[in-house]
Amino acid sequence: MKVSNPIAKIGEDLACEYLVGKGYKIIERNFRKKYQEIDIIAVRGSTKLTPGDSTLVFIEVKTRRSDSFGSPFESITPWKLKHLVRLAQYYKQLHPGLPDYMRIDAIGIILSDDNRLQNLEHLENISGF
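Residue numbers for the sequence shown follow this note's numbering, beginning at -14 and rising by one.
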């Protein structure tokens, strides 16, 4: 895992802690293909491969020190979302044994100046696919 921005790494670590606490199983972090990346890939629900039991979730994490320049989610552009969908579909092709039900979520994190969590917001199914 290579995250060049230390604030991003802190945010992704906090997002993973949050997701695990909500029952998600993290299966991969920082999946890359060329210049595209999915921050976190997880399974929600049963880890059995029975259809309908679980969902494959691709999570984009956006971390900021304040919301004075807008919500962390504002940096997820339509272009970025389109590329997340394509990369998620590619990942699923590489891993056909994972759940067929898929969605893309976003987690927005605001940190204090001393890198403590101030706010975490989780939006489910931001792509509608």
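Cβ coordinates follow ideal geometry from the N, Cα and C atoms, glycine included. Only a predicted model underlies this, so the values are computations on that prediction, with no experimental measurement involved.
- Message: Check whether the region 47 to 57 and the region 76 to 89 touch, using three or more Cβ-Cβ pairs below 8 Å as the test.
- Response: With the cut-off at 8 Å, the region 47 to 57 and the region 76 to 89 do not touch.
- Query: Hey, how far is the Cα of D153 from the Cα of L66?
  - Reply: Shown here, the chain extends from -14 to 114; a query on residue 153 therefore has no answer.
- Message: Considering just the uninterrupted stretch of the beta strand (DSSP E) at I23, what are its terminal residues?
- Response: 21 to 30
- Task: Can you say whether M(-14) is buried or exposed, counting buried as having 16 or more other CB atoms within 10 angstroms of its CB?
- Result: Residue placement at M(-14) is poorly supported in this model, since its pLDDT is 46, which falls under 50; the coordinates still yield a value, given next. Looking at its Cβ environment, which holds fewer than 16 other Cβ atoms inside 10 Å, M(-14) is exposed.
- Task: With a threshold of 16 other CB atoms inside 10 Å of the CB of K85, please say whether the residue is buried or exposed.
- Result: Note that residue 85 corresponds to Asp in the displayed sequence, not to Lys. Classification of D85: exposed, given that the 10 Å Cβ count is below 16.
- Span of the beta strand (DSSP E), counted from its first residue to its last, around K47: K47 -> beta strand (DSSP E) spans 39 to 49.
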